[in-house]
Amino acid sequence: MNLTGLKYFVSVASIGSVTEAAKLAYVSESAISKTIRQLEEEIGVKLFDRQGRTIQLNQQGKIFYSYVSDSLNLLNRGIKAVQTNKDQENSQINVLFTVGSPLIPLVALKMQKLLPNVSLNIHQRTTFAKDLKQFDFIISSNKIDHFTAIPLLKEEIVIGWQKNFMQGKHNLDVKDLPNFTFVGESDETELQQTINQFLAKNELKLNFKYQSDEPATVREMIAAGLGMGFIPKVTWGSFFTNFHLIDSARIFPNSPQRTIYLNTPYRNLTDNQRLFSNEIAAVLTGAQNS
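Dropping the structure here:
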């Protein structure tokens, strides 16, 4: 499997035409078609449905496309990062948010005012992040091995649903949860792993009809009434409160909890890194007290 073949695949998938993809790449149609066939043979799965000169992604192709396009986007970001002038290296802070994505705009606004010449390179997925030491900071509900982990806050996780679905409900018995349909994050995410541990402890199996690796998608589906969801009270709560999208209730008798950590591979921080760590702590503290 080579980079050129993956680029041809993404081009054909995006455009829906071998002819147009070949024109853009300045190669022959036969070269594109051959590369696609070789890719399908290599992974052992047909990626396109073909009818005459029409070519469309099938279900397997759509799944593969989502991963390949993410990989190529990440690769392009990596190329851009290493091409950055070396004199500007200290003016960039690389941050991985595995939790708390609704608070990212707040953090960015704070940093823009405090350090206008410092750029934030923000990531939200660990799928392709094999070497976590590439990040200056990781905001996570896990302590990262061989990193310094500073606890920032402990938050409760509550149940949320579309506004007015169950008016006046402030507590929900944990034994009643299997009676509802749920929206959740994918099982590989930190939040869902916390929820799964809580469910296993209470010997519960829930109907997660919709799951996504994008937290924003999960929030929107809960607000749209597609199901109930587990809501981190601090890091997600401000998003729903500000837009009056959901109601929520505590899980009785014991709600799940999680701790948010600021992880860094450094023993000694630069002035800019120290200011960032102070600001992220201030944002989370402010969200907790609001």
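The working numbering puts the first residue of the sequence shown at 940, with every later residue one more than the last. Quick reminder that beta carbons are idealized off the backbone N, C-alpha and C, glycines included.
- request: Pick out whichever of T1174, Q998, L1138 and W1100 has its Cα sitting closest to the Cα of A1220.
  value: Start at 1 with the first residue of the sequence shown, and residue 1220 comes out as number 281. Nearest option by C-alpha distance: T1174.
- prompt: Are V1097 and S1008 closer than 7 Å when you measure CB to CB?
  reply: Indexing the sequence shown from 1 puts residue 1097 at position 158. Indexing the sequence shown from 1 puts residue 1008 at position 69. Not a contact, by the Cβ cut-off of 7 Å.
Residue from P1041, V951 and N1146 whose Cα sits closest to the Cα of A1226: Here residue 1226 refers to the residue found at position 287 when the sequence shown is read from its first residue. Cα-wise, what sits closest to A1226 is P1041.
- request: Could you check how far apart the C-beta atoms of L1045 and V1157 are, in whole angstroms? I think they sit under 8 Å.
  value: If you number the sequence shown from 1, residue 1045 lands on position 106. If you number the sequence shown from 1, residue 1157 lands on position 218. That belief does not hold up - the Cβ atoms of L1045 and V1157 are roughly 20 Å apart, past 8 Å.
query: Rounded to whole angstroms, how far is the Cβ of N1211 from the Cβ of L1091, which I believe are closer than 8 Å?
result: Start at 1 with the first residue of the sequence shown, and residue 1211 comes out as number 272. Start at 1 with the first residue of the sequence shown, and residue 1091 comes out as number 152. That pair is no contact at about 19 Å.
message: Distance check for N1015 and R976, CA to CA, integer angstroms please.
response: On the sequence shown, residue 976 is found 37 positions in, with the first residue counted as 1. On the sequence shown, residue 1015 is found 76 positions in, with the first residue counted as 1. If I take the Cα positions, the gap works out to 25 Å.
- request: Please go through the same chain and pick out, in chain order, the residues whose beta-carbon is closer than 8 Å to the beta-carbon of Q1131, but skip the five residues on each side of it.
  value: As a working mapping, residue 1131 is identified with position 192 in the sequence shown. Result list for Q1131: G1123, E1124, S1125 and Q1150, in chain order.
- request: Pick helix, strand or coil for Q1196, following the three-state DSSP scheme.
  value: Your numbering for residue 1196 matches position 257 in the sequence shown. Looking at Q1196 - three-state DSSP - the assignment turns out to be strand.
Selection from G983, M1160 and E1218 that minimises the alpha carbon distance to Q1051: Stepping through the sequence shown from its first residue, residue 1051 is reached at position 112. Taking each of G983, M1160 and E1218 in turn and checking the Cα distance to Q1051, the smallest one comes out for E1218.
Between the CA atoms of E979 and Q995 - distance to the nearest angstrom: On the sequence shown, residue 995 is found 56 positions in, with the first residue counted as 1. On the sequence shown, residue 979 is found 40 positions in, with the first residue counted as 1. About 14 Å.
- request: Starting from P1154, trace the alpha helix (DSSP H) both ways and give me its first and last residue.
  value: As a first step, residue 1154 is located in the sequence shown; it is residue number 215 there, counting from the start. P1154 -> alpha helix (DSSP H) spans P1154 to A1162.
message: At 4 residues or longer, what runs of the alpha helix (DSSP H) sit wholly inside the region 1070–1153?
response: Qualifying alpha helix (DSSP H) stretches, in chain order: 1129–1140.
query: How big is the Cα-Cα spacing for K1114 and E1153?
result: Stepping through the sequence shown from its first residue, residue 1114 is reached at position 175. Stepping through the sequence shown from its first residue, residue 1153 is reached at position 214. Roughly 28 Å between the two C-alpha positions.
field: 8 Å CB neighbourhood of S1216 in its chain, flanking five on each side removed
entry: The residue given as residue 1216 occupies position 277 in the sequence shown. Here the set comprises F1076, I1089, L1201, T1203 and L1208.
- prompt: Looking at F1074 and N1103, is the spacing between their C-beta atoms short of 7 Å?
  reply: On the sequence shown, position 164 is the one that residue 1103 refers to. On the sequence shown, position 135 is the one that residue 1074 refers to. Contact: no.
query: When you compare each of F1086, L1013, Q1106 and I1018 to R1064 by their alpha carbons, which one comes out closest?
result: Indexing the sequence shown from 1 puts residue 1064 at position 125. Nearest of F1086, L1013, Q1106 and I1018 to R1064, Cα basis: L1013.
query: Secondary structure at P1044, three-state DSSP: helix, strand or coil?
result: Mapped onto the sequence shown, residue 1044 falls at position 105. Three-state DSSP puts P1044 in a helix.
Where E1094 falls, given that 16 or more other Cβ within 10 Å makes a residue buried: On the sequence shown, position 155 is the one that residue 1094 refers to. Buried, since its Cβ has 16 or more Cβ neighbours within 10 Å.
- prompt: Three or more beta-carbon pairs under 8 Å between the region 962–969 and the region 987–1005, yes or no?
  reply: no
task: Quick one: using the 10 Å Cβ neighbour count with 16 as the cut-off for buried, is R1197 buried or exposed?
output: Working through the sequence shown from its first residue, we reach residue 1197 at position 258. Counting Cβ neighbours within 10 Å, R1197 comes out buried, since at least 16 surround it.
- prompt: At which residues does the beta strand (DSSP E) containing V1034 begin and terminate?
  reply: As a first step, residue 1034 must be located in the sequence shown, where it is residue number 95. Run containing V1034: Q1031 to F1036, per the beta strand (DSSP E) assignment.
message: What does the alpha-carbon distance come out to for the pair L963 and S1010?
response: The count along the sequence shown starts at 1 and reaches residue 963 at position 24. The count along the sequence shown starts at 1 and reaches residue 1010 at position 71. If you draw a straight line from the Cα of L963 to the Cα of S1010, it comes to about 21 Å.
- request: Could you have a look at M1050 and say whether DSSP puts it in helix, strand or coil?
  value: Translated into the one-based positions of the sequence shown, residue 1050 becomes position 111. Look at M1050 here: in three-state DSSP terms it is helix.
- prompt: Given a threshold of 16 other Cβ atoms within 10 Å of its Cβ, counted over all protein chains shown, does M1167 qualify as buried or as exposed?
  reply: Translated into positions along the sequence shown, residue 1167 becomes position 228. The residue in question, M1167, is buried, as its Cβ has 16 or more Cβ neighbours within 10 Å.
Cα-Cα separation between A1163 and N1118, rounded to whole angstroms: Translated into positions along the sequence shown, residue 1163 becomes position 224. Translated into positions along the sequence shown, residue 1118 becomes position 179. A1163 and N1118 have their C-alpha atoms spaced approximately 19 Å apart.
task: Verify whether the separation of the beta carbon atoms of A1161 and G1107 is less than 7 Å.
output: Counted from its first residue, the sequence shown places residue 1161 at position 222. Counted from its first residue, the sequence shown places residue 1107 at position 168. One detail in the question is off: residue 1161 reads as Ile in this sequence, not Ala. It is not a contact, given that the beta carbons lie outside the stated cut-off.
task: Can you tell me which of the three DSSP states S967 falls into?
output: Position 28 of the sequence shown, counting from 1, holds the residue named residue 967. Three-state DSSP puts S967 in coil, outside helix and strand.
message: For N1228 and E1142, what's the separation of their Cα atoms in angstroms?
response: As a first step, residue 1228 must be located in the sequence shown, where it is residue number 289. As a first step, residue 1142 must be located in the sequence shown, where it is residue number 203. When rounded, the distance between both Cα atoms is 33 Å.
field: Endpoints, the beta strand (DSSP E) within which S1187 is located
entry: As a first step, residue 1187 must be located in the sequence shown, where it is residue number 248. The continuous beta strand (DSSP E) containing S1187 extends over residues I1185 to F1191.
field: Supposed contact pair V1038 and I1083 - C-beta distance, whole angstroms, cut 8 Å
entry: Here residue 1083 corresponds to residue number 144 of the sequence shown, with the count starting at 1. Here residue 1038 corresponds to residue number 99 of the sequence shown, with the count starting at 1. That belief does not hold up - the Cβ atoms of I1083 and V1038 are roughly 13 Å apart, past 8 Å.
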